[in-house]
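Chains as they are written, first to last, in the working numbering: chain W, 16 to 639; chain U, 207 to 367. Everything on this sheet refers to the single structure shown next.
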Amino acid sequence: MLKSRSELSALREEYAKAYAAQSRRLIVCAGTGCVAGGSMKIYDRLKELLRERGLSVAVELEVDPHGDVIDLKKSGCHGFCEIGPLLRVDPEGWLYTKVQLSDCEEIIEKTIIGGEHIDRLAYKCGCNTYKKHDDIPFYKNQTHIVLDQCGTINADSIREYIAVGGYSALEKALFEMSPEAITDEIKKSNLRGRGGGGFPAGRKWEQVRRQNVEQKYVVCNGDEGDPGAFMDGSIMGGDPHRMIEGMIIAGIATGASVGYIYVRAEYPLAVERLRTAITQAEELGILGDNILGTEFSFKLNISRGAGAFVCGEGSALTASIEGKRGFPRVKPPRTTEHGLFDKPTVLNNVETFANVPLIISKGADWYLGIGTEGSPGTKAFALTGNIVNTGLIEVPMGTTLREIIFDIGGGMRDGAEFKAVQIGGPSGACLTAEHLDLPLDFDTLKKVGAMIGSGGLVVMDDKTCMVEVARFFMNFTQNESCGKCVPCREGTKRMLEILERIVAGEGRDGDIELLEELADTIVNTALCGLGKSAPNPIISTIKNFREEYEAHIYEKRCPAGACQKLKKIYIDPELCKGCSKCARQCPVDAISGKIKEPFEIDLSKCIRCGSCLDACPFKAIKEA
Amino acid sequence: MHENFDFSVTDRILADHKCAQQLIIAILQDIQEHYRYLPREVFPYLAEKLDMSEARIYSVATFYENFSLEPKGKYVIKICDGTACHVRHSLPILERFRQELGLSENKHTTDDLNFTVETVSCLGACGLAPVIMVNDDVYSAMTPEKASELIKKLKEELANA
Chain W
16 MLKSRSELSA LREEYAKAYA AQSRRLIVCA GTGCVAGGSM KIYDRLKELL
66 RERGLSVAVE LEVDPHGDVI DLKKSGCHGF CEIGPLLRVD PEGWLYTKVQ
116 LSDCEEIIEK TIIGGEHIDR LAYKCGCNTY KKHDDIPFYK NQTHIVLDQC
166 GTINADSIRE YIAVGGYSAL EKALFEMSPE AITDEIKKSN LRGRGGGGFP
216 AGRKWEQVRR QNVEQKYVVC NGDEGDPGAF MDGSIMGGDP HRMIEGMIIA
266 GIATGASVGY IYVRAEYPLA VERLRTAITQ AEELGILGDN ILGTEFSFKL
316 NISRGAGAFV CGEGSALTAS IEGKRGFPRV KPPRTTEHGL FDKPTVLNNV
366 ETFANVPLII SKGADWYLGI GTEGSPGTKA FALTGNIVNT GLIEVPMGTT
416 LREIIFDIGG GMRDGAEFKA VQIGGPSGAC LTAEHLDLPL DFDTLKKVGA
466 MIGSGGLVVM DDKTCMVEVA RFFMNFTQNE SCGKCVPCRE GTKRMLEILE
516 RIVAGEGRDG DIELLEELAD TIVNTALCGL GKSAPNPIIS TIKNFREEYE
566 AHIYEKRCPA GACQKLKKIY IDPELCKGCS KCARQCPVDA ISGKIKEPFE
616 IDLSKCIRCG SCLDACPFKA IKEA
Chain U
207 MHENFDFSVT DRILADHKCA QQLIIAILQD IQEHYRYLPR EVFPYLAEKL
257 DMSEARIYSV ATFYENFSLE PKGKYVIKIC DGTACHVRHS LPILERFRQE
307 LGLSENKHTT DDLNFTVETV SCLGACGLAP VIMVNDDVYS AMTPEKASEL
357 IKKLKEELAN A
């Protein structure tokens with residue numbers, strides 16, 4: 016237990032020395048993606064092989080190692096999930112990609128013992144080979160501030176976090192600054208909520224700080240429910256202490272002594288790492304009673320979600336922590352006045368809290384130098400979809416979509432044409448080629464009817480049907496509508512029915528106008544953010560791709576060729592040999608004919624499942 | 207009423223959570239982890255122990271997607287249909303799983319209680335889309351063919367168990 020500031024400083028010095036002395040580091044990515052690719056088995060195998068060869072291995076920062084030690088660590092998400100499992104080799108800074116269990120032996124022999132680079136495992140793009148992590152275009156074009164330790168330090172080790180300067184912002188906040196000064200610094204930095212809304216965090220803190228109430232709370236929203244987004248999960252699992260440090264500082268600034276982290280159920284890895292991190296911090300006296308010997312106490316709890324998207328909404332989230340159904344309530348009063356257990360509550364998102372220690376350590380002026388005037392700092396995005404490089408990225412606010420998609424993302428997959436990018440999940444919008452040069456920040460996006468949302472970027476190519484995308488999102492929000500208010504409960508249902516009809520080829524004249532009217536009503540009358548933003552994907556696709564809706568409704572045609580029900584399948588009589596394989600595969604008996612003569616498909620029976628296409632040995636069945 | 211039901215597991219879980227009403231979601235999660243669903247017997251029991259109405263516990267259990275009042279299979283297969291997986295064609299994978307196991311939109315669990323097939327909105331591994339999760343293991347870059355192979359492998363595991 017650390018009892019004073021000087022004890023923590025002494026410990027940091029000791030850890031920093033040990034960290035600097037690590038001559039050989041093997042960093043295995045333990046993000047969700049790489050773990051799915053088997054990275055933990057690779058970690059175990061490397062450990063086993065190193066020990067077999069009589070080399071000493073350290074899996075935790077050792078203060079006094081004996082002789083030459085190889086440090087083997089599990090880090091958080093490196094971001095470039097596409098080419099995982101990833102292994103970083105330091106001090107050289109090499110990155111090995113798509114590492115398999117069978118590669119481990121060679122890595123030990125050649126790289127660890129021989130000091131040689133294995134070309135086969137390096138990242139290749141076109142005719143270039145990139146040995147070093149930092150030279151890869153995917154990383155080179157990013158600015159890592161919040162994510163800079165995800166992928167370099169051991170995600171399970173508070174020692175490494177402290178060694179690289181962790182908890183020094185807490186020290187500064189606790190011993191050098193008053194709660195007013197901390198709040199003012201955050202206000203000055205204009206740190207805006209990374210969960211989507213972009214509300215200034217400092218203003219929330221100020222509102223909570225000013226209330227003279229005994230019990231206040233700090234709550235972290237880690238209920239990252241947007242499909243296509245995984246930034247917060249990666250921060251919680253990759254650098255958990257940074258977010259915890261941000262929460263403790265929020266506690267000092269606002270006078271709260273209890274914090275909750277609400278994590279969605281689909282992130283078991285993040286929950287595990289957070290639990291470890293909290294226990295480690297408690298053991299050192301960084302969390303708990305009388306932190307570092309001061310009067311200040313702060314306790315942190317984890318609350319696991321149980322699968323409700325609406326719980327990402329503030330009042331629904333606090334209701335869920337209280338053990339109730341996740342229903343949002345009418346606002347005002349705001350969460351800052353009547354939040355968790357009806358007490359003043361600071362509620363911020365994971366990425367917002369992760370920014371706090373940086374702002375306190377380096378100052379608001381430093382922070383204001385990054386990003387744009389109205390939206391300082393960086394933003395993490397989950398870059399996914401039909402793009403060459405998918406993964407987790409971090410760029411300064413104001414970066415354009417073109418830079419993200421083509422410089423970092425490497426352009427479209429399989430040479431397809433860029434069609435649209437969906438930003439902000441089910442509450443966001445679809446942007447098109449004309450928006451490619453738009454700087455991404457809170458205010459610019461708002462002007463074009465989109466929002467940063469939680470930061471999911473799903474890139475779509477010309478084979479994606481925008482009406483189907485709209486239906487997909489409406490299906491999602493309709494499913495997740497909590498049912499409390501009528502506009503959302505009934506309105507999203509009606510909108511979904513219309514969209515389902517359109518993609519099934521049963522659209523009617525007037526459907527587009529009806530969708531627009533419903534959207535307008537829901538946006539203006541729904542109770543919470545989920546309902547108010549649910550029609551956004553439909554509004555934006557109608558605006559940008561109206562002709563696709565019209566083609567579906569009036570011509571019964573899907574221009575992207577994606578809608579199953581609008582496909583016409585026929586048998587080319589020239590190619591058909593009359594073998595009857597297709598007729599036997601057809602689940603609805605829509606194909607008939609005489610053996611050795613061309614068969615025919617009865618389109619009134621056909622359900623466009625496509626099984627006949629796969630069954631035909633002569634490629635005689637075609638789609639039109 | 208349910209004198210045949212063994213409440214010792216429930217008692218242990220309640221003790222872990224200090225019988226706090228506020229922790230009802232965590233309590234239900236732990237019960238579900240043990241039984242793979244929420245047996246109806248636990249509702250009146252919890253209501254008495256936690257001093258809250260059965261209706262409120264039931265309202266929580268039915269509100270959240272993760273809770274199931276029906277028994278689930280030994281292998282719960284979750285097919286991600288988040289945006290990233292959806293645009294990389296996750297639906298044919300779902301179809302294949304259902305086909306292989308004789309399940310449908312309305313029937314999620316096989317009669318022998320070995321497999322449950324469900325969809326989820328996002329597993330947070332979008333970089334590897336399309337992904338699925340079998341119990342706690344994530345499988346990446348799935349195809350319908352890989353789905354068939356996986357079912358074969360899991361059935362073998364069951365046969366050898």
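Heads up, the beta-carbon is just placed ideally off N, CA and C, and yes, glycines get one too. Just so it is clear, the structure is predicted and the values come from calculations on it, not from any experiment.
Proximity below 8 Å, CB of residue i to CB of residue j
i	j	result
ALA395 of chain W	GLU418 of chain W	no
GLY213 of chain W	LEU206 of chain W	no
ILE336 of chain W	TYR275 of chain W	yes
GLY425 of chain W	PRO100 of chain W	no
LEU136 of chain W	THR167 of chain W	no
GLY333 of chain U	GLY406 of chain W	yes
VAL436 of chain W	VAL473 of chain W	yes
TYR281 of chain U	ASN341 of chain U	yes
ILE283 of chain U	THR322 of chain U	yes
PHE273 of chain U	LEU234 of chain U	yes
ALA178 of chain W	TYR34 of chain W	yes
GLY46 of chain W	GLY180 of chain W	no
GLU563 of chain W	VAL482 of chain W	yes
Three-state secondary structure (DSSP) of residue i
i	result
TYR111 of chain W	strand
GLU328 of chain W	coil
PHE356 of chain W	helix
GLY14 of chain W	Nothing in the structure corresponds to residue 14 of chain W, since chain W is present only between 16 and 639.
LYS637 of chain W	strand
ASN640 of chain W	Residue coverage of chain W in this structure runs from 16 to 639, which leaves residue 640 of chain W outside it and unanswerable.
CYS445 of chain W	strand
ASP477 of chain W	coil
GLU221 of chain W	helix
LYS407 of chain W	Before going further, note that residue 407 of chain W is Leu rather than Lys in the sequence given. The answer is strand: DSSP assigns LEU407 of chain W an E or B state.
PRO574 of chain W	coil
TYR345 of chain U	strand
Contacts around residue i, its chain only, beta-carbon distance under 8 Å, and the 5 residues preceding and following it disregarded
i	result
THR536 of chain W	PRO502, GLY506
LYS56 of chain W	LEU116
ARG60 of chain W	LEU116, CYS119
LYS558 of chain W	GLY464
Reference residue i; option with closest CA among the options
i	options	result
GLY211 of chain W	W:ILE513, W:ASP456, W:SER90	W:ASP456
ASP238 of chain W	W:ALA598, W:ILE317, W:TYR182	W:ILE317
ILE299 of chain U	U:ASP257, U:TYR270, U:GLY330, U:LEU356	U:LEU356
ALA280 of chain W	U:LYS224, U:GLU271, U:ASP212	U:GLU271
CYS500 of chain W	W:GLU531, W:LEU460, W:GLY544, W:GLU532	W:GLY544
LEU307 of chain W	W:SER330, W:ALA331, W:ILE267	W:ILE267
THR351 of chain W	W:VAL365, W:PHE368, W:THR333, W:LYS339	W:THR333
ILE285 of chain U	U:THR268, U:VAL326, U:ARG294, U:THR315	U:VAL326
HIS240 of chain U	U:LEU364, U:SER354, U:VAL323, U:VAL215	U:VAL215
ALA271 of chain W	W:GLU310, W:ALA285, W:GLU298	W:GLU310
CYS235 of chain W	W:GLU229, W:CYS142, W:SER71, W:ASN363	W:ASN363
ARG68 of chain W	W:GLU75, W:PRO80, W:ILE85, W:GLU77	W:ILE85
ALA605 of chain W	W:CYS594, W:SER619, W:GLU612	W:SER619
ALA244 of chain W	U:THR289, U:GLU311, U:ILE237	U:THR289
ASN305 of chain W	W:ILE250, W:LEU284, W:ILE263, W:PRO215	W:ILE263
ALA448 of chain W	W:VAL286, W:PRO441, W:PHE421	W:PHE421
Residues near residue i in its chain [Cβ-Cβ closer than 6 Å; skip 5 each side]
i	result
PHE324 of chain W	GLY240, GLU495
GLN295 of chain W	ILE173
Cβ-based burial, residue i [other Cβ within 10 Å; buried from 16]
i	result
ASP343 of chain U	exposed
ASP287 of chain U	buried
GLN226 of chain W	exposed
ARG290 of chain W	exposed
HIS81 of chain W	exposed
CYS573 of chain W	buried
PHE313 of chain W	buried
ILE338 of chain U	buried
ASN370 of chain W	buried
VAL78 of chain W	exposed
Any non-hydrogen atom of the ligand NAP within 7 Å of residue i CB
i	result
GLY520 of chain W	What this structure holds is no ligand at all, so the ligand NAP is not there to describe.
Same chain, Cβ closer than 7 Å to residue i, five either side skipped, listed in chain order
i	result
GLY400 of chain W	VAL473, VAL474, MET475
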